[in-house]
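For any residue, its number in my numbering is found by taking its place in the sequence shown, counting from 1, and adding 1.
Built from N, CA and C at the ideal position, the CB exists for glycine as well.
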Amino acid sequence: MSETVGFLGLGNMGQGMALSLVEKGFPLRVWNRSAGKAEPLVARGATLARRPEEAVEPGGIVVSMLADDKVVSELFAPGGPLLSRLGSGGLHISMSTIHPDTARRLAREHEQAGAAYVSAPVFGRPENAAAGNLFVLVSGPEPARRRAAPLLAAMGRTTFEFGDDPGASNVSKLCGNFVIAAAIEALGEVAAFAEKSGVGAGPVLDMLTNTLFACPPYQNYGKQIAQRQFQPAGFRLVLGLKDLELALSAARSASVPMPLANLLRDRALASVNKGRGDWEWSSFTLEAAEDAGIGESVASGE
Ligand code: NAP
Numbered sequence: 002m003s004e005t006v007g008f009l010g011l012g013n014m015g016q017g018m019a020l021s022l023v024e025k026g027f028p029l030r031v032w033n034r035s036a037g038k039a040e041p042l043v044a045r046g047a048t049l050a051r052r053p054e055e056a057v058e059p060g061g062i063v064v065s066m067l068a069d070d071k072v073v074s075e076l077f078a079p080g081g082p083l084l085s086r087l088g089s090g091g092l093h094i095s096m097s098t099i100h101p102d103t104a105r106r107l108a109r110e111h112e113q114a115g116a117a118y119v120s121a122p123v124f125g126r127p128e129n130a131a132a133g134n135l136f137v138l139v140s141g142p143e144p145a146r147r148r149a150a151p152l153l154a155a156m157g158r159t160t161f162e163f164g165d166d167p168g169a170s171n172v173s174k175l176c177g178n179f180v181i182a183a184a185i186e187a188l189g190e191v192a193a194f195a196e197k198s199g200v201g202a203g204p205v206l207d208m209l210t211n212t213l214f215a216c217p218p219y220q221n222y223g224k225q226i227a228q229r230q231f232q233p234a235g236f237r238l239v240l241g242l243k244d245l246e247l248a249l250s251a252a253r254s255a256s257v258p259m260p261l262a263n264l265l266r267d268r269a270l271a272s273v274n275k276g277r278g279d280w281e282w283s284s285f286t287l288e289a290a291e292d293a294g295i296g297e298s299v300a301s302g303e
């Protein structure tokens, strides 16, 4: 691909995703609110945009990996500089985890501006992003999905297609994050149980995550929970709380009770209230530890 691609949002995930695009030869123009985060990319050949709209070519492609619904909606507001410049023939590949209805509204607003909108949320950690090894879930109009495909293939190991409804991949992403949060809570509860029974959390989580539950979420979060190592964060608890709120809201719209999601949201909310919002999201398992009266010690980080 020789056309320059705009990339907005160089946080924990965007940084690695943009890097893997640059390394695969995509000419990139990058923008981040805190410009300093663009330095490693500029050092590898990306161009720095001083404003979001400077990253975008009229009729070109822009990828966004921003924090939440509010940020994506504000940057791509109808009549705003970004959407006006993207304009007719443009394509926005929106990779943040946002509400399915936000994605559907954004898709309509892009269409009114002559541009296409594709939702492409991802599974994977910052290290998977940097290695181009994410799982990508994509939905939106078929021609736009086809145009997005080479970029998605460069950032991900596998792309899963969810059809024309722009919100469908967001629903699927929220389903996945709910299951991960449920696994984290289960690991936290058995860690407290094993620890207080004198067996130790480490040996039990090590056994479980190398036998019955031998897959990356259990293994990675199991290690963090056993060691109480929650900083620095790859996925911040405030963002995890956002995703549980999004899942509950979307499930409410579909008239689906999710009692476990309510419990997980309250765990995350309580932990955020205790000042852990910027810790790894598995730190909400300290709630289970605290309930058991063993919440005091946490590894110091780095
Ligand atoms: P992050 O490290 O917190 O980065 C958030 C990005 O959004 C940064 O570029 C940040 O800019 C930007 N941003 C925040 N508020 C802004 C504002 N008001 N105006 C403009 N830019 C703003 O988050 P992340 O972990 O990369 O996650 C990004 C998205 O991917 C989220 O939707 C998250 O739920 C999802 N996700 C994360 C993971 C993960 O493991 N981390 C995995 C899958 C999906 P600054 O650098 O200036 O703050």
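Query - Endpoints, the beta strand (DSSP E) within which I99 is located - result: Translated into positions along the sequence shown, residue 99 becomes position 98. Where I99 is concerned, there is no enclosing beta strand (DSSP E), given that its DSSP letter is neither H nor E.
- Task: Hey, could you find the ends of the beta strand (DSSP E) G157 is sitting in?
- Result: Residue 157 sits at position 156 when you count from the first residue of the sequence shown. That run of the beta strand (DSSP E) goes 157-162.
Query raised in the report: Which residues mark the beginning and the end of the alpha helix (DSSP H) in which R266 is found?
Result: Taking the first residue of the sequence shown as 1, we reach residue 266 at position 265. That run of the alpha helix (DSSP H) goes 260-272.
Discussion item. Going by the DSSP bridge assignment, what does F124 pair with across the sheet?
Written reply: Along the sequence shown, read from residue 1 onward, the residue named residue 124 stands at position 123. In the DSSP assignment, F124 forms a beta bridge with F136.
Practice problem: Below 8 Å CB to CB, which residues in the same chain sit around Y219 once its five sequence neighbours on both sides are set aside? | Solution: Translated into the one-based positions of the sequence shown, residue 219 becomes position 218. Excluding residues within five positions, the ones whose Cβ falls inside 8 Å are A184, L188, L209, T210.
Closest by C-alpha distance to V29, when choosing among A155, A227, T5 | For the purposes of this step, residue 29 is taken as the residue at position 28 of the sequence shown. A small correction: the amino acid at residue 29 is Leu; Val does not occupy that position in the sequence shown. Of the listed residues, the one whose Cα sits closest to L29 is T5.
Quiz item: Is it buried or exposed for R266, if we count other Cβ within 10 angstroms and need 16 for buried?
Solution: Position 265 of the sequence shown, counted from the first residue, corresponds to residue 266. Buried, by the Cβ-count rule.
- Do I94 and A68 have their C-beta atoms closer together than 8 Å? Indexing the sequence shown from 1 puts residue 94 at position 93. Indexing the sequence shown from 1 puts residue 68 at position 67. In this structure, A68 does not lie closer than 8 Å to I94 by Cβ.
Check your understanding: How would you label P204, buried or exposed, when you count the other beta carbons within 10 angstroms and need 16 or more for buried?
Key -> Here residue 204 is taken as the residue at index 203 of the sequence shown, counted from 1. Exposure of P204 is indicated by the presence of fewer than 16 other C-beta atoms within 10 angstroms of its C-beta.
>> Within a Cβ cutoff of 6 Å, which residues of the same chain sit near G296, ignoring the five residues on either side of it in sequence?
In response: Mapped onto the sequence shown, residue 296 falls at position 295. Correct list, in chain order: L287, A290.
**Prompt:** So, are the CB atoms of V64 and F8 less than 8 Å apart?
**Reply:** Counting from one through the sequence shown, the residue named residue 64 turns up at place 63. Counting from one through the sequence shown, the residue named residue 8 turns up at place 7. Yes, the pair counts as a contact, with Cβ atoms nearer than the cut-off.
Below 8 Å, how does it come out for the stretch 149-159 and the stretch 247-260: are there three or more Cβ pairs, yes or no?
Taking one beta carbon from each stretch, the stretch 149-159 and the stretch 247-260 have fewer than 3 pairs nearer than 8 Å; the two do not touch.
Original post:
When you compare only the Cα positions, how much space is there between L175 and A192?
Top reply: Indexing the sequence shown from 1 puts residue 175 at position 174. Indexing the sequence shown from 1 puts residue 192 at position 191. If you draw a straight line from the Cα of L175 to the Cα of A192, it comes to about 25 Å.
If you reduce the DSSP assignment to three classes, tell me which class E303 lands in. Along the sequence shown, one-based indexing puts residue 303 at 302. Reliability of the predicted coordinates at E303 is poor, the pLDDT of 45 falling under 50, and no value is obtained from them.
So, with DSSP's three-state summary, where would you put A169? The residue labelled residue 169 in the question sits at position 168 within the sequence shown. Residue state for A169 is assigned as helix, using DSSP reduced to three classes.
In angstroms with no decimal places, state the Cα-to-Cα distance between D1 and A195.
The structure shown does not extend to residue 1, since the chain is modelled only from 2 through 303, so no value can be given for it.
*asked:* Please state whether the Cβ-Cβ distance between A108 and L92 is less than 8 Å.
replied: Within the sequence shown, numbered from 1, the residue matching residue 108 stands at position 107. Within the sequence shown, numbered from 1, the residue matching residue 92 stands at position 91. When the beta-carbon positions are compared, A108 and L92 stay at least 8 Å from each other.
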